[in-house]
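Notes to accompany the following structure.
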Amino acid sequence: MAVKKFVVGCFDDEGPLFDAVKKVRKSGYKLHDVYTPFPIHGLDKAMGLRDTSLHTAGFLYAIFGTTSMLSFMTWVFTADFPLNVGGKPHFALPAWIPITFEFTVLCSCVGMVITFMYLCQLAPFVKKHHFHLRATDDKFVMVIELTSKTNESEVSSFLTGLGATEVNVQNAETGWWLGRYDKEQKLFVEGQSETVSA
Amino acid sequence: MALLRYESQVRPPLVENDKNYHQVTEDIVRPIEANPTRLWWIGFLISVGLLLFGVYSIYREVTYGVGQWNLNKTIGWGWDITNFVWWVGIGHAGTLISAILLLFRQGWRTGVNRAAEAMTIFAVMCAGQFPIWHMGRVWMAFFVLPYANTRGPLWVNFNSPLLWDVFAISTYFTVSLLFWYSGLIPDLATVRDRARLKWRKFMYGLLSFGWTGSTKHWQRHESLSLVLAGMSTPLVLSVHTVVSFDFATSVIPGWHTTIFPPYFVAGAIFSGFAMVQTLLLISRKVLNLEEYITIEHIEVMNKVIVLTGSIVGVAYLTELFISWYGQNPNEGWAFAQNRLNLFSPYGWSYWLMMGCNVISPQIFWFRKLRRNLVVTFFMSVIVNIGMWFERFVIIVTSIYRDYLPSSWSTYYAPTIWEIGFYLGTFGLFFTCYFLFSKFFPVIAVAEIKHILKKSGESYKKNMYHIEKESTEHFYNEVHHDHH
């Protein structure tokens, strides 16, 4: 787990974000992420993120559900336990449609949620660095990673120029960890980090 | 961007008054952070009391057997299965609001979907109790699962609608829970990041799974919500269809009808919306959320109630017609004598059902009555009484006089433990709902923020000026945007 240095710019409104993202990408700064209190349609495209394949995963889980349940019931009623109920056919496909359907939906949904949690690294007790506590309330937080080619004052003034109302520099761990927020990996508290310009 | 944000002036605002993002958070999260009110405690304790009475009723039933209920030949299904179908039906409105209205892009669902989904989950929990405890030897309940066992292996019967029910209800519960909770995660993170108290930070930190609000995560979250909505839509229709198969695939007169699946689904949505109204009318008042669950939301839901109530009415009439047109003497008897005849032992319940479900909701054709909170609350209770009697009519009036007149049952009335079980599920439902309204955001915070700039009152006012502009100007602006 690597601790890196970031310049954090907070916007009060989602309006300037699109323009800001465009300019950050054009100027070659390393855009770490944008944290928003609600999904902003089109921002992922503007940031150059590719479409998620989560729905494809859901489709694969669904196929697994359909085939496994159908073949299981077929095996039970034709091979393992062929029960004669009034001479009705053992392979009773129409009667198996409800269960096959329900199991398809179950597999797809459970699989997708687990995949989602895995991809986003979401789980109970997981801790992550929060660049700004109000990113889940009303602030739109753009985080730019500092590299050897960029210096913080330059990036800070760049972000202010884009309309950020609050800019600061943070050393942060980018991954997740378990346990507590200790001294190095603490939650961001206003005033405790270096504030370059307001 | 101008085009995407456009919403017609004809549509009333979904969020009243001049709100910004922070105020939305404040308004919705504040009841969670405040101490519970006296009213909350009273309601909560009454619910827990009911729940405990239900637990004792079940204790009696488990210890002394199903004989504690007044079920007997020929009425083997009485209050318990009536209650089961009633509770499952109530759950359906939550999924309709959260999933089907999401696919139809109905903005108003954002104000009510969280509470409605919670209602779904609690209602399905209550529903599940009835078939489980009706098994009698409940410690063998796991026999309904198809697992490799040492009894043969003796498999479950995959051709039985009762087993389809096991799969349908358990899938429905699981998927509803996942859908609800995945939507809650960002809002729980909002509560976590505002928390001052240590235990609150810990609890909501635990519950919010380390959500940060990253754009990539939001993108996946959107995709997940959309697919879960797409899966839930056929699922919710299938669940009550399968419940109706419990009856429709039998050969009992009054049950053996092909109209049951659509008729049950419409009835489920009907009763579910009534329950949503009951809950939300109280919640918006007690939690001060009248600006988010507006009179517009109430009115729209009343429209759904009058629509589905009328569909149910058409189904009732169709059933009657077919019982005559089909010329099956047993079915004709079941409808003409056991139901329509007001002076037969259960004739009153049929007409009570007709009055509550078909006739009374017609008052919602009037705008004034749709927007009247007292009338709405009263009607929401009436509809749920009516829908309970619908299930009672279907179950009891079809089986209390079977093919053998000598075994025709005397008047069936529930015992106190049968009633206690039903009251107990009310206790369970409201205990869960009270806890939910205290510890979770009752309205989807992130979703309200998402629609705020389109449907919030202050933003609609700005839209008025845009609408005044000439089409040419608008075209030029959009054209300019594309460069």
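Quick mapping for you: the protein sequence lines, in order, are chains A and B. Take any residue in the first sequence, note its place counting from 1, add 89, and you have its number in the numbering used here. Take any residue in the second sequence, note its place counting from 1, add 21, and you have its number in the numbering used here. Heads up, the beta-carbon is just placed ideally off N, CA and C, and yes, glycines get one too.
query: Would Tyr-150/A be called buried (16 or more neighbouring beta carbons within 10 Å of its own) or exposed?; result: buried
query: Which residues in the same chain as Gly-98/A place their Cβ atom closer than 6 Å to its Cβ, once the five residues preceding and following it in sequence are excluded?; result: Met-231, Leu-248, Ala-253 and Val-256
query: Measure the C-alpha to C-alpha separation of Glu-312/B and Ile-49/B and round it to an integer number of angstroms.; result: 10 Å
query: Examine the Cβ distances between the segment 159-174 of chain A and the segment 226-241 of chain B and report whether three or more of them are shorter than 8 Å.; result: no
query: Buried or exposed: Asp-39/B, going by 16 or more other Cβ atoms within 10 Å of its Cβ?; result: exposed
query: Mind listing the chain A neighbours of Gly-234/B? Cutoff is C-beta to C-beta under 7 Å, in chain order.; result: Tyr-124, Thr-125, Pro-126, Ala-224 and Thr-225
query: Please say whether Thr-254/B and Ile-121/B have beta carbons closer to each other than 8 Å?; result: yes
query: Look up Met-52/A in the DSSP assignment and give the residues it is bridged to.; result: The requested residue 52/A is not part of the displayed model; chain A covers only 90 to 287.
query: Only counting the same chain, and skipping five residues up and downstream in sequence, which positions put a Cβ closer than 6 Å to that of Ala-287/B?; result: Thr-329, Ile-332 and Val-333
query: With respect to the beta strand (DSSP E) encompassing Glu-255/A, which residues constitute its N-terminal and C-terminal limits?; result: 255-262
query: Taking the alpha carbon of Lys-134/A as the reference point, which residue from Pro-213/A, Ile-152/A and Leu-106/A has its own alpha carbon closest?; result: Leu-106/A
query: Compare the C-beta of Ser-259/B against all C-beta atoms of chain A and say whether one is closer than 8 Å.; result: yes
query: Rounded to the nearest angstrom, what separates Gly-197/A and Ala-139/B at their Cα positions?; result: The identity of residue 197/A in the sequence shown is Ser, whereas the question assumes Gly. The straight-line gap from Cα to Cα measures roughly 22 Å.
query: If we ignore side chains and look at the alpha-carbon of each, how far apart do Phe-214/A and His-242/B end up?; result: 20 Å
query: What residues in the segment 209-242 of chain B have a beta carbon less than 8 Å from any beta carbon of chain D?; result: Considering every chain present, this structure includes no chain D. Its protein chains are A and B.
query: Compute the minimum distance between the beta carbon of Phe-179/B and the heavy atoms of the ligand NAD, and state whether it is under 7 Å.; result: This structure lacks the ligand NAD, and indeed carries no ligand of any kind.
query: Find the residues of chain A that neighbour Phe-179/B, judging by a C-beta separation of less than 8 Å, and give them in chain order.; result: Met-162, Val-165, Phe-166, Ala-181, Ala-184, Trp-185 and Ile-188
query: Quick one: which chain A residues come within Cβ less than 8 Å of Phe-455/B?; result: Result: empty, since nearest Cβ-Cβ is about 24 Å, beyond 8 Å.
query: How do the segment 381-396 of chain B and the segment 345-354 of chain B stand: do at least 3 beta-carbon pairs fall below 8 Å, yes or no?; result: no
query: Write down the C-beta distance between Trp-108/B and Ala-144/B rounded to the nearest angstrom, noting that I regard them as a contact closer than 8 Å.; result: 5 Å
query: Skipping 5 residues on each side, what residues in its chain have a beta carbon closer than 6 Å to that of Ile-111/B?; result: Ala-144, Ser-292, Gly-293 and Met-296
query: Kindly indicate which residue of Val-321/B, Ile-63/B and Thr-195/B has the alpha-carbon position closest to the one of Glu-191/A.; result: Thr-195/B
query: Just the chain A side, please: which residues come within less than 7 Å of Ser-244/B by C-beta, in chain order?; result: Thr-141, Leu-143 and His-144
query: Return yes when the Cβ of Gly-353/B is within less than 8 Å of the Cβ of Arg-360/B, no when it is not.; result: no
query: Identify the contact partners of Ile-206/B in chain A, using a Cβ-Cβ distance below 8 Å as the criterion.; result: Leu-211
query: Quick one: residues in its chain with C-beta nearer than 6 Å to the C-beta of Phe-450/B, no 5 flanking neighbours on either side, listed in chain order?; result: Phe-143 and Cys-147
query: Helix, strand or coil for Trp-100/B? Go by DSSP, reduced to three states.; result: helix
query: Using a Cβ-Cβ cut-off of 8 Å, state whether Ile-403/B counts as contacting chain A.; result: no
query: Looking only at C-alpha atoms, which of Ser-458/B, Tyr-424/B, Ile-472/B and Glu-468/B sits nearest to Lys-94/B?; result: Tyr-424/B
query: If you run the structure through DSSP and keep just helix, strand and coil, what is Trp-266/A?; result: strand
query: If you draw a straight line from the C-alpha of Ile-203/A to the C-alpha of Arg-158/B, how long is it?; result: 35 Å
query: List the residues of chain A whose Cβ lies closer than 7 Å to the Cβ of Lys-482/B, in chain order.; result: Here the premise fails: no neighbours, minimum Cβ distance about 17 Å.
query: Just to confirm the assignment, what range does the alpha helix (DSSP H) spanning Lys-222/B have?; result: 219-228
query: With H, G and I counted as helix, E and B as strand and the rest as coil, what does DSSP make of Lys-134/A?; result: helix
query: Note down the Cα distance separating Trp-564/B from Ile-67/B, rounded to an integer number of angstroms.; result: Any property of residue 564/B remains undetermined from this structure, which presents chain B solely from 22 to 504.
query: Only counting the same chain, and skipping five residues up and downstream in sequence, which positions put a Cβ closer than 8 Å to that of Ala-434/B?; result: Asn-91
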